[in-house]
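Here our numbering runs 11 ahead of the position in the sequence shown, where the first position is 1. A virtual CB, placed ideally from N, CA and C, is assigned to each residue, including glycine. Notes to accompany the following structure.
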Amino acid sequence: AFVNMEKDIAAIEAEFIASFSFLDTWEERYEYIIEMGKKLPVLEDQYKTEDKKIKGCQSTVWLIASYSDGKVFFKADSDAVIVKGLVSMLIRVLSGQAPDEILNARLEFIDKIGMHVHLAQTRSNGLRAMIAQMKDYARAFKIIHI
Numbered sequence: 012a013f014v015n016m017e018k019d020i021a022a023i024e025a026e027f028i029a030s031f032s033f034l035d036t037w038e039e040r041y042e043y044i045i046e047m048g049k050k051l052p053v054l055e056d057q058y059k060t061e062d063k064k065i066k067g068c069q070s071t072v073w074l075i076a077s078y079s080d081g082k083v084f085f086k087a088d089s090d091a092v093i094v095k096g097l098v099s100m101l102i103r104v105l106s107g108q109a110p111d112e113i114l115n116a117r118l119e120f121i122d123k124i125g126m127h128v129h130l131a132q133t134r135s136n137g138l139r140a141m142i143a144q145m146k147d148y149a150r151a152f153k154i155i156h157i
């Protein structure tokens, strides 16, 4: 559902920036982020284990990654609606991309839509932890599949 086979990271980021530019208030933006989280495919309970949790997140976030045809695919879930929305945004941008693309992604859309400014410090740290974990998976797959 969230795999962008055709689009590169910059194109997907540009779509987010455009979408957010139409939302006038942060209340509307949070609502949009929460809606995205609701569209996240279900992560099966068998993956909701301690070793799949992201360290550094105040909320519980489970993240798994797989590798196929030179690309990394992510699935995730969270017990907090806003965090589920944030991780769904990251998945929309990074899932289905090659390891190098993920490792080189600057994810500037996060600042351009004002996310770091409007998130509580703990949420901002959690967002950084999610990005770091996704890049760690990409790095691992790159090493394994060289």
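When DSSP builds the beta bridges, which residues end up paired with residue i?
i    : result
Y148 : None, per the DSSP bridge assignment.
I142 : Beta-bridge pairing links I142 to no other residue.
Using a 10 Å radius around the Cβ and a threshold of 16 neighbouring Cβ atoms, would you call residue i buried or exposed?
i    : result
K49  : exposed
Q57  : exposed
K95  : buried
A143 : exposed
K86  : buried
D62  : exposed
F152 : buried
D88  : buried
A12  : Here A12 scores only 42 on pLDDT, less than 50, and its place in the model should not be relied on; the value that follows carries that caveat. Answer is exposed; the Cβ neighbour count stays below 16.
I155 : exposed
F120 : buried
A76  : buried
E24  : buried
R117 : exposed
G107 : buried
Check for me: the beta strand (DSSP E) holding residue i runs from which residue to which?
i   : result
S79 : V72 to S79
K86 : K82 to S89
Going by DSSP, what residue range makes up the alpha helix (DSSP H) through residue i?
i   : result
F8  : In the structure as shown, the chain begins at 12 and stops at 157. Residue 8 is therefore absent and cannot be evaluated.
K64 : It is not in any alpha helix (DSSP H) - K64 carries neither H nor E in the DSSP assignment.
Y6  : The question about residue 6 has no answer, for the chain in this structure spans 12 to 157.
Jot down the residue ranges of each uninterrupted beta strand (DSSP E) in the stretch 91-135, minimum 3 residues, whole runs only, in chain order. none
If contact is defined by three or more beta carbon pairs under 8 Å, each pair taking one atom from either stretch, is the stretch 22-37 in contact with the stretch 77-87? No: the two stretches stay apart, fewer than three of their Cβ pairs being nearer than 8 Å.
Contact the stretch 131-147 vs the stretch 59-71: 3+ CB pairs below 8 Å: yes
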